[in-house]
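> With the numbering used here as the guide, the letters of the sequence shown map in order to residues 64 to 108.
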Amino acid sequence: ELRGTRSGTPNLFNELSDRELDVLRLIADGRSNAEIASKLIISEK
64 ELRGTRSGTP
74 NLFNELSDRE
84 LDVLRLIADG
94 RSNAEIASKL
104 IISEK
């Protein structure tokens with residue numbers, strides 16, 4: 064789960080779009096660029 068670390072600390076994840084959060088989760092899972100692109104049906108750049 065992605066969230067702020069302390070109360071009163073801004074949760075920057077609230078500023079991200081759903082798509083950006085998807086990418087971030089895949090990165091956190093250790094996925095490669097190619098795996099992320101394949102999973103999200105986008106081209107790897």
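Note that beta-carbon positions come from the ideal geometry of N, C-alpha and C, so glycine has one too. The structure displayed is predicted, hence computed values, not measured ones.
Just to confirm before moving on: does the CB-CB distance between residue 105 and residue 89 stay below 7 Å?
Position 42 of the sequence shown, counted from the first residue, corresponds to residue 105. Position 26 of the sequence shown, counted from the first residue, corresponds to residue 89. Result no, Cβ atoms of residue 105 and residue 89 do not sit closer than 7 Å.
> From which residue to which residue does the alpha helix (DSSP H) around residue 85 run?
Here residue 85 refers to the residue found at position 22 of the sequence shown. Where residue 85 is concerned, the enclosing alpha helix (DSSP H) stretches over 81 to 91.
> Identify, in the order they occur along the chain, each residue of the same chain with its Cβ nearer than 8 Å to the Cβ of residue 97, setting aside the five sequence neighbours on each side.
As a first step, residue 97 is located in the sequence shown; it is residue number 34 there, counting from the start. Around residue 97: 107.
> Would you identify the three-state DSSP class for residue 102, choosing helix, strand or coil?
In the sequence shown, counting from the first residue as 1, residue 102 sits at position 39. Helix.
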